[in-house]
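As numbered in the working numbering, the sequence shown has no gaps in its residue numbers, which increase by one up to the final residue, 235.
Backbone N, C-alpha and C define an ideal beta-carbon position, used for all residues, glycine too.
Note that the structure is a prediction, hence the values are computed from the model and not measured.
Just below is one structure, and these are the notes that go with it.
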Amino acid sequence: MKLLNRFRKNVIAGSGLKKYLIYAVGEIILVVFGILIALGINQASEEGDKRKEMYRIAELVQSQMKDDEKNIEKTLKELDLLEKMIDTVLYKTPLNKSIDGNCKSCFQVLLGSPVPNTSVRVPNLIRQNPLVKGNIEKQLHKIELLYNDALQQQELYDQVVYDQLTENINHWKNNFDWFAGYLSRGSCEGGCLDYFQNSPDYRNRVAYFEFTIVIAYYAELYTLGKKIKKEREVLEALL
């Protein structure tokens, strides 16, 4: 830039059209250089702002992943409790014996299953915000794919639980007169108590519920928790 300024002063001191044209070209070059420098500074500033925003998004993602880990751990504990009820119904009680009437929760096994509320916030944060190319961006997209798969699995699981719950309720509604009292007031005496304590139909349904939902989903959820923890720690190391 100093050389160009010196050249411009020399040209001004001279005379003639040729020197004037050279001077004009020099002025244009100065203007172009100035524009390029300004653009470069502006682009660097914009990229810096985008990078700061990406770090902010990454920290939000990391925080939400920690919450999801806790949520999954809580759900696994709830599934452990459910499995204990199932153990009482299927394994601890001989087929020729009645299920313990004091185990009231044993009669509610088929009324649902704990479901983790895997956050859609993580993939939404990553998908809806601009990212600067680099290791953090790659890791965030890897996490986004992990969550997309997990949310699809949860949707399938929710549907299986809903289908079984609906089928069981319709079966009881259509075949047992104790159904209304059981569903509306939680009342279970006489024929209702006999069904849950002694009926092979109930034990068969519990066995199917355990096989298709509890065992399979417990393993899936346990693995997901480990994956979320691993990818979160990788992201944390990059920040």
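Residue i: first and last residue of the uninterrupted alpha helix (DSSP H) it sits in
i	result
isoleucine 209	Neither: isoleucine 209 is in no alpha helix (DSSP H) and is coded neither H nor E.
aspartate 190	187 to 194
serine 242	Nothing about residue 242 can be read from this structure; the chain reaches only from -3 to 235.
Assumed close pair residue i, residue j - CB separation to whole angstroms, cut-off 8 Å
i	j	result
leucine 86	valine 202	6 Å
valine 57	isoleucine 122	7 Å
tyrosine 204	tyrosine 198	About 11 Å separates the two Cβ atoms, so there is no contact after all.
glutamine 155	serine 115	Not quite, the Cβ-Cβ distance comes to about 19 Å (not below 8 Å), so this is no contact.
glutamate 65	lysine 226	Not quite, the Cβ-Cβ distance comes to about 11 Å (not below 8 Å), so this is no contact.
isoleucine 78	proline 110	Checking the displayed sequence, the identity of residue 78 turns out to be leucine instead of isoleucine. Rounded, the Cβ-Cβ distance is 7 Å, consistent with contact.
asparagine 164	leucine 106	5 Å
asparagine 125	isoleucine 53	5 Å
leucine 127	leucine 136	6 Å
Candidates the options: closest to residue i by CA position
i	options	result
asparagine 194	Ala212, Thr89 and Leu220	Thr89
threonine 219	Leu231, Lys93, Glu69 and Lys62	Glu69
proline 141	Val157, Pro126, Pro119 and Glu151	Residue 141 is actually leucine in this sequence, not proline. It is Pro119 whose Cα lies nearest to the Cα of leucine 141.
glutamine 149	Glu74, Ala212, Leu78 and Arg52	Ala212
glycine 186	Leu179, Pro196 and Asp173	Asp173
proline 196	Met81, Leu234 and Ile95	Ile95
leucine 72	Leu179, Asn170 and Leu217	Leu217
glycine 97	Val230, Lys169, Leu189 and Gly108	Leu189
aspartate 63	Lys100, Lys93 and Arg117	Arg117
tyrosine 158	Ile82, Leu91 and Gly108	Gly108
isoleucine 232	Phe207, Arg47, Asp45 and Tyr51	Here the sequence assigns glutamate to residue 232, which means isoleucine is not the residue at that position. Of the listed residues, the one whose Cα sits closest to glutamate 232 is Tyr51.
lysine 222	Asn67, Trp168, Ile82 and Asn92	Asn67
methionine 81	Asn200, Arg181, Gln104 and Gln160	Gln104
lysine 100	Gly130, Trp168, Thr84 and Asn166	Thr84
leucine 161	Gly177, Thr208 and Ser183	Thr208
arginine 47	Gly177, Ala215 and Lys129	Lys129
heavy atom of the ligand MN below 6 Å from residue i C-beta
i	result
glutamine 124	Of the ligands one can find in the structure shown there are none, so the ligand MN has no counterpart to examine.
CB contact check: residue i to chain B, cutoff 7 Å
i	result
leucine 189	Here there is only one protein chain, and chain B is not present.
4 or more residues per run - each alpha helix (DSSP H) lying fully within the segment 85 to 149: You should have 117 to 123.
Runs of alpha helix (DSSP H) lying entirely within the segment 154 to 182, each at least 4 residues, in chain order: 175 to 181
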